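Enquirer:
There are 2 protein chains.
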Amino acid sequence: MIAVSGAYQTKFGELWDQSLEDLIVESGEGALADAKISKKKIDLVIVANMLSGKLGGQEHLGSLACQLLGLNGVPAWRVEAACASGGIAINQAVTAIKAGAAKNVLIIGVEKMTDRTNGEIATALMAAAGERERQSGLTFVGLYALMARVYFDKFKASKDDLAYVAIKNHRHASLNPKAQYPFPVELETVLKSSCVASPLHLFDCSPITDGAAAVVMSSEEGGTEIIASQIATDSVELTERDSLTELKATKLAALKAYAEAGVSPEDIDLAEVHDCFSIAEIMAVEDLGFCDKGAGFKKIKAGDFDLGGRLPVNLSGGLKACGHPVGATGVKQIVEIVTQLRGQADQRQVKNAKIGLAHNVGGSGATAAVHILRKL
Amino acid sequence: MIAVSGAYQTKFGELWDQSLEDLIVESGEGALADAKISKKKIDLVIVANMLSGKLGGQEHLGSLACQLLGLNGVPAWRVEAACASGGIAINQAVTAIKAGAAKNVLIIGVEKMTDRTNGEIATALMAAAGERERQSGLTFVGLYALMARVYFDKFKASKDDLAYVAIKNHRHASLNPKAQYPFPVELETVLKSSCVASPLHLFDCSPITDGAAAVVMSSEEGGTEIIASQIATDSVELTERDSLTELKATKLAALKAYAEAGVSPEDIDLAEVHDCFSIAEIMAVEDLGFCDKGAGFKKIKAGDFDLGGRLPVNLSGGLKACGHPVGATGVKQIVEIVTQLRGQADQRQVKNAKIGLAHNVGGSGATAAVHILRKL
């Protein structure tokens, strides 16, 4: 079986005093220390990162991580699948352990975003979309705004409904000292925030974030077991999709993950889902089977997915309030689930959590990774 | 066992009429057609690419390749390890098949480099090196020039000795219609070419190239079997290395690969090695055990590694003369080996080739991948 034996997250935020290299070292050393494993036992390093080449001029992060961490010679690479890079890295580690290619894998998700202007970052992020979408002048929030419009039309939702995603995730983040925005927000604040791409306002959007997260995965008994690891894709461009009110890649990956784990959505005690925009969390809770299609916004407002609700979602604060260093996000979700399953989540701890799910999306839904973890 | 059931290479060169997307489609469809496999059977797509985010504004190539090839839903990602991205992608496919995570994997290596200025490309390539090397003003040819200087001092080699690498690889390329420079060159041409970073002249350097290569790998009997797949790393920065006259990552990956395959260097009938610069091929034939350390330049000059020699090296023309679209190179090496083992290499065919080796390097040696293939 495959266990997560170590987990670590750096503070997420505008980290002016930490470089990409610093974040790799802090998270890597943190996860290794948490796993209490000797560096000599690490036989594979996978780095998840999207934008370091474009924003920082540094590619080749696999070898670089090995150099920085004193893991000379160890096989290593970087994986990129836009904002799903972290989820893919976890999946690759599962595969490597299953194949016998590695016994103890260090996975580091890292992104250093804030050193550039917002314009440069917005342009860089559109590399996760398609050529025609870039040529149309769309931004990422614009792509999700299009989906929100279709969703509004079909299910009679409104801007007010979106706001409850931000309110919930900020409330959770206020209990997470690692979060970029560890404070609650009021309905009025959300609704009065600037419109970015109608109907999405500032508080519907995840922020630009520096940060890293790392886990050690091992072929061993004990700890927190990964009982499903599945990925799926869809077209990069919205125009090629069958529907704009769901992410097919999420549904497909989730279906395969539930089958692999032998569990159903009702068995999930907590989840971290990919709320890059408020509409994305609404679609995610539906696509993952946590509620019916078209009911997500009502259930979020009703408190179903709150700490203390029937299935707490995004206890870390999610991408919205914990922050979204894109390559790190999928790994951070695993760190949060492991922290919860271990009972180490302090004020935001879910009681008797046994099974957790992590859902990581790339682009506007072209890649999805779903992992299910179980406490042993 | 793991077989390469399909292989395809696009023309390498300055492909002004083909976009990144066009190259993905041509190579992907080409490999699928060669494998005579239905698209429905492909259950994993891996894209090897280094610079598309930086040079073309397009990341997320795994999902994009699925969209372009009509492989909707199939798990996919992009891997990056500088110029070794292709070799790592092959290794990931081997691992996925061994783990039972996939049965038929499509691997595409692709790079579109020529749409930018030489300055932009040189800067982008330095992303494979380390921060201190960039700050020192070094270029990639400068890094290898430093290694050449140390090699010259230690083994009494000279610029003239380097020239025979280019002469051999251009001679081979003249027999390969897919090569960027399919023509022979004379000693005088090489020696009189411009000095780029002393002692390396223009003809000591691989060119800037557009191109793609793809293979289909399957868990099946028959065809061409991959009998070893190993990767290793070393420090990204030269200043951290023990020696500058060898690539430790190459030696380590080769040692593991020979052990995995149960063969020795004497058993290898042909090889594609990573000759990004002439000095790199000289170190490679030594580090791979094809001759003693310090003897590489003499053996190359003596014709040991020529078509018709005892162990033909870089029959495709190598990176030097076939071209070096960085993400594609490691996959193209596999395509060349498979073409040779199938007996389909026409004028450059090695007689009775049974075992071939592919050697792919990232950066100035921070990543190395070694694959050994056998004809069944």
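Protein chains in written order, with my numbering: chain A, 16 to 391; chain B, 16 to 391. Every residue, glycine too, gets a C-beta built ideally from N, C-alpha and C. Remember, it's a predicted structure, so these values are computed and weren't measured experimentally.
#1: Could you tell me the distance, in whole angstroms, from the CA atom of glycine 85 of chain A to the CA atom of leucine 121 of chain A?
#2: Quick check on alanine 247 of chain B: does DSSP put it in helix, strand or coil?
#3: Quick test of the definition: if touching needs 3 or more C-beta pairs under 8 Å, does the segment 374-385 of chain A touch the segment 277-291 of chain A?
#4: Can you tell me whether proline 192 of chain B is buried or exposed, with buried defined as 16 or more other CB within 10 angstroms of its CB?
#5: Does the beta carbon of arginine 93 of chain B come closer than 7 Å to any beta carbon on chain A?
#6: Residues of chain B with CB closer than 8 Å to the CB of histidine 75 of chain A, please, in chain order.
#7: Counting pairs of beta carbons, one from the segment 112-121 of chain B and one from the segment 231-247 of chain B, are three or more of them closer than 8 Å?
#8: Give, in chain order, every unbroken run of the alpha helix (DSSP H) that is at least 4 residues long and sits entirely within the segment 290-353 of chain A.
#9: Put glutamine 362 of chain A into one of helix, strand or coil per three-state DSSP.
#10: Counting pairs of Cβ atoms below 8 Å between the segment 356-373 of chain B and the segment 327-345 of chain B, do you hit three or more?
#11: Just to check my reading of the structure: phenylalanine 170 of chain B and glycine 309 of chain B have Cβ atoms closer than 8 Å, yes? What is that Cβ distance to the nearest angstrom?
#12: DSSP beta-bridge partners for leucine 215 of chain B?
#13: Relative to chain A, which residues along the segment 260-283 of chain B have a C-beta separation below 9 Å, given in chain order?
#14: Within the same chain, show all residues whose beta-carbon is closer than 8 Å to that of isoleucine 39 of chain A, passing over the 5 residues directly before and after it, in chain order.
#15: Quick check on this structure: which residue in A:Arg93, A:Asp49, A:Val60, A:Ser53 has the alpha carbon closest to the alpha carbon of methionine 65 of chain B?
#16: Please check the pair serine 293 of chain B and valine 180 of chain B, which I expect to be a contact at CB under 8 Å, by giving their CB distance rounded to whole angstroms.
#17: Counting only the same chain and skipping the five closest in sequence on each side, list residues whose C-beta sits under 8 Å from that of glutamine 73 of chain A.
#18: Relative to the alpha-carbon of lysine 118 of chain B, which residue among B:Val19, B:Arg149, B:Gly145 has its alpha-carbon at the smallest distance?
#19: Please state whether the Cβ-Cβ distance between alanine 272 of chain A and isoleucine 246 of chain A is less than 7 Å.
#20: Within a Cβ cutoff of 6 Å, which residues of the same chain sit near lysine 369 of chain A, ignoring the five residues on either side of it in sequence?
#21: Based on Cα-Cα distance, which residue from B:Glu95, B:Val278, B:Asp219 lies nearest to valine 346 of chain B?
#22: Quick one: is cysteine 210 of chain A buried, meaning 16 or more other Cβ sit within 10 Å of its Cβ, or exposed?
#23: For proline 90 of chain B, which residues in chain A fall below 7 Å Cβ to Cβ?
#24: Name, please, each residue of chain B whose Cβ falls closer than 7 Å to the Cβ of glutamate 255 of chain A.
#25: Would you say isoleucine 103 of chain B faces chain A, with C-beta separation under 7 Å as the test?
#26: So, is the C-beta of lysine 55 of chain B closer than 7 Å to a C-beta in chain A?
#27: Between glycine 157 of chain A and threonine 254 of chain A, what straight-line distance do the alpha-carbon atoms span, to the nearest angstrom?
#28: Going by other Cβ atoms of all chains shown within 10 Å of its Cβ, with 16 needed for buried, is aspartate 321 of chain A buried or exposed?
#29: Note the first and the last residue of the continuous alpha helix (DSSP H) segment covering methionine 162 of chain A.
#30: Leaving out the 5 sequence neighbours to the left and right, which residues in its chain are closer than 6 Å to isoleucine 242 of chain B when beta-carbon positions are compared?
#31: Given this structure, state the Cα-to-Cα distance separating alanine 137 of chain A from aspartate 225 of chain A, to the nearest angstrom.
#32: With 7 Å set as the bound, which would you pick, yes or no: does the beta-carbon of isoleucine 336 of chain B sit closer than that to a beta-carbon of chain A?
#33: To which residues does DSSP link alanine 80 of chain B through a beta bridge?
#34: Based on the DSSP output, what are the partners of arginine 389 of chain A in its beta bridges?
#35: So with CB distances below 9 Å, who are the chain B contacts of glutamine 348 of chain A?
Expert: Put simply:
#1: One-based indexing of the first sequence puts residue 85 of chain A at position 70. One-based indexing of the first sequence puts residue 121 of chain A at position 106. Using only the alpha carbons, I get a separation of about 13 Å.
#2: Stepping through the second sequence from its first residue, residue 247 of chain B is reached at position 232. Per DSSP, reduced to three states, the secondary structure at alanine 247 of chain B is strand.
#3: Contact between the segment 374-385 of chain A and the segment 277-291 of chain A is established, with three or more Cβ pairs separated by less than 8 Å.
#4: Mapped onto the second sequence, residue 192 of chain B falls at position 177. When all chains shown are included, proline 192 of chain B counts as exposed.
#5: If you number the second sequence from 1, residue 93 of chain B lands on position 78. Closer than 7 Å: yes.
#6: Counting from one through the first sequence, the residue named residue 75 of chain A turns up at place 60. Listed along chain B, the residues sitting closer than 8 Å to histidine 75 of chain A by beta-carbon distance are Glu95, Ala96, Ala97, Ala142, Ala143, Ala144, Val251, Gly377, Gly378, Ala381, Thr382.
#7: The segment 112-121 of chain B makes contact with the segment 231-247 of chain B, as at least three CB pairs between them are under 8 Å.
#8: Listed in chain order, they are 293-302, 311-317, 333-336.
#9: The residue labelled residue 362 of chain A in the question sits at position 347 within the first sequence. Of the three classes helix, strand and coil, the one that applies to glutamine 362 of chain A here is helix, per DSSP.
#10: Judged by pairs of C-beta atoms under 8 Å, the segment 356-373 of chain B touches the segment 327-345 of chain B, as three or more such pairs exist.
#11: For the purposes of this step, residue 170 of chain B is identified with residue 155 of the second sequence, where counting begins at 1. For the purposes of this step, residue 309 of chain B is identified with residue 294 of the second sequence, where counting begins at 1. That pair is a contact at about 4 Å.
#12: The residue labelled residue 215 of chain B in the question sits at position 200 within the second sequence. Beta bridge pairing from DSSP links leucine 215 of chain B with B:Ala212.
#13: Under the 9 Å Cβ criterion, the segment 260-283 of chain B contributes Lys263, Ala264, Leu267, Ala268.
#14: Counted from its first residue, the first sequence places residue 39 of chain A at position 24. So the list reads Val62, Leu76, Leu79, Ala80, Leu83, Leu84, Ile123, Val125, Ala227, once near-sequence residues are dropped.
#15: Reading the second sequence from its first residue, position 50 is the one you call residue 65 of chain B. Ranked by Cα distance from methionine 65 of chain B, the first of A:Arg93, A:Asp49, A:Val60, A:Ser53 is A:Arg93.
#16: One-based indexing of the second sequence puts residue 293 of chain B at position 278. One-based indexing of the second sequence puts residue 180 of chain B at position 165. Sure, about 4 Å apart at Cβ, within 8 Å.
#17: Within the first sequence, the letter at position 58 stands for residue 73 of chain A. Cβ within range, chain order: Leu35, Ser67, Leu79.
#18: As a first step, residue 118 of chain B is located in the second sequence; it is residue number 103 there, counting from the start. With distances taken between Cα atoms, lysine 118 of chain B lies closest to B:Val19.
#19: Residue numbering aside, residue 272 of chain A sits at position 257 when the first sequence is read from its first letter. Residue numbering aside, residue 246 of chain A sits at position 231 when the first sequence is read from its first letter. No, Cβ-Cβ distance for alanine 272 of chain A and isoleucine 246 of chain A is not below 7 Å.
#20: Numbered from its first residue, the first sequence carries residue 369 of chain A at position 354. Its chain contains Asp284, Lys390 as the residues whose beta carbon lies nearer than 6 Å to that of lysine 369 of chain A, once the 5 sequence neighbours on both sides are disregarded; these appear in chain order.
#21: Locating residue 346 of chain B in the second sequence gives position 331, counting from the first residue. Per the Cα distances, B:Glu95.
#22: Counting from 1 along the first sequence, the entry for residue 210 of chain A is found at position 195. Under this definition cysteine 210 of chain A is an exposed residue.
#23: Sequence index remark: in the second sequence, residue 90 of chain B carries index 75 (1-based). Per Cβ cutoff of 7 Å: Ile246, Ala247, Thr248.
#24: The residue you call residue 255 of chain A lines up with position 240 of the first sequence. Residues of chain B passing the Cβ test: Gln82.
#25: Taking the first residue of the second sequence as position 1, residue 103 of chain B is located at position 88. Against chain A, the CB of isoleucine 103 of chain B has a partner CB under 7 Å away; the residue lies at that interface.
#26: Translated into the one-based positions of the second sequence, residue 55 of chain B becomes position 40. No - not a single Cβ of chain A is within 7 Å of the one on lysine 55 of chain B.
#27: For the purposes of this step, residue 157 of chain A is taken as the residue at position 142 of the first sequence. For the purposes of this step, residue 254 of chain A is taken as the residue at position 239 of the first sequence. Answer to the nearest angstrom: the Cα atoms are 14 Å apart.
#28: Translated into the one-based positions of the first sequence, residue 321 of chain A becomes position 306. Buried, since its Cβ has 16 or more Cβ neighbours within 10 Å.
#29: Working through the first sequence from its first residue, we reach residue 162 of chain A at position 147. First-last of the alpha helix (DSSP H) with methionine 162 of chain A: 155-170.
#30: For the purposes of this step, residue 242 of chain B is taken as residue 227 along the second sequence, with counting starting at 1. Within its own chain, the residues whose Cβ lies closer than 6 Å to the Cβ of isoleucine 242 of chain B, once the five positions on either side in sequence are excluded, are Ala276, Ile387, Arg389, listed in chain order.
#31: Working through the first sequence from its first residue, we reach residue 137 of chain A at position 122. Working through the first sequence from its first residue, we reach residue 225 of chain A at position 210. Rounded to whole angstroms, the gap between the alpha carbons of alanine 137 of chain A and aspartate 225 of chain A is 15 Å.
#32: Taking the second sequence and counting its residues from 1, the one referred to as residue 336 of chain B is at position 321. Correcting the residue type first, residue 336 of chain B is alanine in the shown sequence and not isoleucine. With 7 Å as the cut-off, alanine 336 of chain B does not count as an interface residue toward chain A.
#33: Taking the first residue of the second sequence as 1, we reach residue 80 of chain B at position 65. Alanine 80 of chain B pairs with nothing; no bridge assigned.
#34: Stepping through the first sequence from its first residue, residue 389 of chain A is reached at position 374. Beta-bridge pairing links arginine 389 of chain A to A:Glu240, A:Ile370.
#35: As a working note, residue 348 of chain A is residue 333 in the first sequence. The contacting residues do not exist; glutamine 348 of chain A stays about 17 Å from chain B at best.
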